[in-house]
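So the protein sequences, as listed, match chains A and B.
Residue numbering for the first sequence follows the working numbering, beginning at 18 and increasing consecutively.
Residue numbering for the second sequence follows the working numbering, beginning at 18 and increasing consecutively.
Glycine residues also receive a C-beta, built at the ideal position from the N, C-alpha and C atoms.
Protein chains: 2
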Amino acid sequence: MAKRIRMKPDSPQCSTCMMAQVCLPAGLPEREMTQIDQLVKERVRLKKGDSLYQQGESLEALYSVRLGSVKTQLTDLSGQSQITGFYLPGEVVGLDGMLEGQHNSNALAMEDSEVCVIRLDDIDEISRYAPSLQHQIRRIMSKEISRSHHVLMALGSLRSEARVAAFLLNLSQRLAILGYSSTDFVMRMSREEIGNYLGLTLETVSRLFSRFAREGLIHINQREVKLLDLDALKQLSGQA
Amino acid sequence: MAKRIRMKPDSPQCSTCMMAQVCLPAGLPEREMTQIDQLVKERVRLKKGDSLYQQGESLEALYSVRLGSVKTQLTDLSGQSQITGFYLPGEVVGLDGMLEGQHNSNALAMEDSEVCVIRLDDIDEISRYAPSLQHQIRRIMSKEISRSHHVLMALGSLRSEARVAAFLLNLSQRLAILGYSSTDFVMRMSREEIGNYLGLTLETVSRLFSRFAREGLIHINQREVKLLDLDALKQLSGQA
DNA sequence: CGTCGAATTGACTATTATCAAACTAAGTGG
DNA sequence: CCACTTAGTTTGATAATAGTCAATTCGACG
Chain A
18 MAKRIRMKPD
28 SPQCSTCMMA
38 QVCLPAGLPE
48 REMTQIDQLV
58 KERVRLKKGD
68 SLYQQGESLE
78 ALYSVRLGSV
88 KTQLTDLSGQ
98 SQITGFYLPG
108 EVVGLDGMLE
118 GQHNSNALAM
128 EDSEVCVIRL
138 DDIDEISRYA
148 PSLQHQIRRI
158 MSKEISRSHH
168 VLMALGSLRS
178 EARVAAFLLN
188 LSQRLAILGY
198 SSTDFVMRMS
208 REEIGNYLGL
218 TLETVSRLFS
228 RFAREGLIHI
238 NQREVKLLDL
248 DALKQLSGQA
Chain B
18 MAKRIRMKPD
28 SPQCSTCMMA
38 QVCLPAGLPE
48 REMTQIDQLV
58 KERVRLKKGD
68 SLYQQGESLE
78 ALYSVRLGSV
88 KTQLTDLSGQ
98 SQITGFYLPG
108 EVVGLDGMLE
118 GQHNSNALAM
128 EDSEVCVIRL
138 DDIDEISRYA
148 PSLQHQIRRI
158 MSKEISRSHH
168 VLMALGSLRS
178 EARVAAFLLN
188 LSQRLAILGY
198 SSTDFVMRMS
208 REEIGNYLGL
218 TLETVSRLFS
228 RFAREGLIHI
238 NQREVKLLDL
248 DALKQLSGQA
């Protein structure tokens with residue numbers, strides 16, 4: 018189960034964190050970087066499948082993925098559920114639900130993971146003397162809005178092959194930012210999760226992976242992928 | 018074309034606005050309400066079809082719809098475009114693109130409309146002495162995230178009839194908040210726009226409206242709708 | 001009254017889902 | 001250590017949903 022880890026008070030967190038360049042502090046001036054060092058007082062360690070938060074719980078913090086990966090999903094009254102995002106290190110989860118002050122989605126660890134707890138109260142506190150923190154929060158929220166609008170575009174106007182190609186390219190880009198290979202990576206999610214996220218069935222996703230492989234666009238072995246023809250994938254995905 | 022209207026300096030705006038209860042200031046304490054009165058220094062009046070902002074323009078402000086309705090859309094390199102939202106009075110447009118500081122969508126007036134200009138600089142300025150303004154901005158952004166996640170859910174996991182039913186119910190609820198009838202209203206958007214938003218063709222939308230009417234769930238005459246059986250629509254949409 | 005854009009309706013087609021079977025990799029327990 | 005699960009994946013055959021194309025119809029407006 019989820020395990021909470023308290024940080025030593027006054028020990029710097031963000032300014033010495035390896036993720037700082039890709040996480041919430043990214044782009045902050047040096048001076049303010051040290052000021053937000055007290056922002057993270059706690060981390061949570063999650064085992065694969067553990068829940069970080071659930072629909073209905075009161076929202077007190079945001080969570081920045083430090084290690085591993087997390088998915089968020091909505092469940093409707095008929096029991097249908099929809100994955101709304103896959104989050105990698107440096108990405109922030111829990112941005113929805115601030116209107117009513119309670120989470121309206123579930124967040125689950127897709128593998129053993131660790132997240133930094135960013136309490137809303139502390140954001141307010143610290144942003145009094147580090148005003149750009151507010152800008153960072155806005156930028157992160159804006160990025161999430163933009164991201165979900167792009168997924169909307171994919172679900173609303175792309176055909177299955179284009180969605181899958183776009184999915185691969187998106188993962189590729191985000192992994193590259195983290196310093197991993199952009200062409201050679203392991204997907205942390207199952208065919209079913211990919212299908213759910215993209216509004217397709219797991220069979221369709223599997224068939225498309227097989228077809229892309231047959232056509233020489235990718236190599237695929239279970240969850241290991243190698244992107245062989247980025248241009249063709251871009252073409253397919255509408256990002257020609 | 019779009020017409021900019023300067024406000025008289027020092028004349029109160031938000032605190033005396035009819036929309037205050039459903040707009041950005043909603044829920045603010047009385048004391049802070051007057052403090053944000055200088056937030057809106059300008060309004061923009063748009064004719065039907067006018068653009069409020071375009072992909073690539075630098076982002077300096079948010080826009081709160083005061084009158085009329087606005088749609089936002091993304092266009093990809095292949096020319097395909099996807100409507101990402103329909104915005105009614107009190108709703109805020111322009112929340113994406115803060116990461117790069119430039120709009121990455123287009124906003125267009127769906128009818129003659131008027132929007133309040135909320136400059137980002139002024140938000141920073143005013144939130145120094147009205148700290149809850151930051152909370153309101155966060156809440157509005159969070160609401161947009163939540164909204165788009167719910168649309169994701171609709172596009173990813175609902176069938177066409179469920180999407181259309183959910184669309185009607187959603188419009189109904191938002192109009193009710195504005196004080197209009199929740200069962201009897203005029204849709205400002207064409208079948209094509211609805212279809213684009215919902216990831217369907219205009220023919221499919223038209224057929225479903227006809228079928229719902231035949232089955233006694235709604236009355237429909239062009240863009241005028243009357244919702245006759247809310248329960249059945251909820252059932253259909255998965256919000257049973 | 002005629003034109004034009006929007007909406008409806010029908011016939012047919014394409015895409016993707018569903019159902020089912022077989023296969024793989026990675027445990028689990030005798 | 002090996003048979004036996006089990007969850008995840010692949011592949012095929014068939015079905016359903018929604019898309020495409022085309023013909024009207026409707027309504028608003030000049």
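With DSSP as the reference, please indicate the residues paired to residue i in a beta bridge.
i, result
"B:THR89", "B:GLY102 and B:ALA124"
"A:CYS31", "Note: A:CYS31 sits in no beta bridge, so no partner."
"A:TYR214", "Beta-bridge pairing links A:TYR214 to no other residue."
"B:SER130", "B:LEU63"
Let me see if you follow: with CB-CB separation under 7 Å, is residue i close to chain B or not?
i, result
"A:ILE143", "no"
"A:THR92", "no"
"A:ALA124", "no"
"A:VAL168", "yes"
"A:ILE162", "yes"
"A:ASP113", "yes"
"A:SER174", "yes"
"A:VAL165", "The question names Val, but residue 165 of chain A is Ser in the sequence shown. Yes, contact with chain B."
"A:GLY216", "yes"
"A:GLY255", "yes"
My output table needs one value for residue i: the three-state DSSP class, helix, strand or coil.
i, result
"B:CYS40", "coil"
"B:ALA257", "coil"
"A:GLU209", "helix"
"B:GLN119", "strand"
"B:TYR146", "coil"
"B:LYS25", "coil"
"A:SER199", "coil"
"A:ARG60", "strand"
"A:ARG83", "strand"
"B:ARG240", "coil"
"B:ALA193", "helix"
"B:ARG136", "strand"
"A:SER19", "The residue you asked about is not Ser; residue 19 of chain A is Ala in the sequence shown. Reduced to three states, the DSSP call for A:ALA19 is coil."
"B:LEU188", "helix"
"A:LEU247", "helix"
"A:LEU219", "helix"
"A:SER95", "coil"
"A:LEU169", "helix"
Within the same chain, show all residues whose beta-carbon is closer than 8 Å to that of residue i, passing over the 5 residues directly before and after it, in chain order.
i, result
"A:GLN256", "ALA183 and LEU186"
"B:HIS236", "ALA230, VAL242, LYS243 and LEU245"
"B:ALA78", "GLY111, VAL134, ILE135, ARG136 and LEU137"
Going by CA-CA distance only, name the one from the options that's closest to residue i.
i, options, result
"B:ASP201", "B:LEU188, B:GLY212 and B:SER207", "B:LEU188"
"B:GLN99", "A:VAL222, A:GLY173 and A:ILE53", "A:GLY173"
"A:MET127", "A:GLN190, A:MET50 and A:VAL203", "A:VAL203"
"A:GLU232", "A:GLU220, A:CYS34 and A:LEU247", "A:LEU247"
"A:LEU169", "A:THR101, A:ARG240, A:GLY66 and A:MET36", "A:THR101"
"A:ARG205", "A:THR221, A:SER130 and A:PRO42", "A:SER130"
"A:GLN38", "A:LEU195, A:SER199 and A:LEU234", "A:LEU195"
"B:VAL222", "B:TYR214, B:LEU234 and B:ARG208", "B:ARG208"
"A:ASP113", "A:GLY107, A:LEU41, A:SER227 and A:ILE162", "A:ILE162"
"B:ILE154", "A:GLY73, A:LYS64 and A:MET115", "A:MET115"
"B:HIS120", "B:LEU69, B:SER198 and B:SER254", "B:LEU69"
"A:SER159", "B:GLY66, B:CYS31, B:LEU76 and B:LYS65", "B:LEU76"
"B:LYS20", "B:LEU63, B:TYR104 and B:GLY212", "B:LEU63"
For residue i, collect the residues of the same chain with a Cβ closer than 6 Å to its Cβ; drop the 5 residues on either side in sequence, then sort them by chain order.
i, result
"A:ILE157", "VAL109"
"B:SER144", "LEU150 and GLN151"
"A:ALA171", "ARG180 and ALA183"
"A:LYS58", "MET24"
"A:CYS133", "VAL57, ARG60, SER81 and ARG83"
Of all the CB atoms in chain A, is at least one closer than 7 Å to the CB of residue i?
i, result
"B:GLN97", "yes"
"B:ALA147", "no"
"B:SER86", "no"
"B:SER223", "no"
"B:ARG136", "no"
"B:SER159", "yes"
"B:LEU116", "yes"
"B:GLN52", "no"
"B:GLY73", "no"
"B:ARG180", "no"
"B:ARG155", "yes"
"B:ALA37", "no"
"B:GLN119", "no"
"B:THR200", "no"
Taking 7 Å as the limit between beta carbons, can you name the residues of its chain near residue i, skipping five residues before and five after?
i, result
"A:LEU91", "SER98, GLN99, THR101 and SER122"
"A:GLY216", "LEU172"
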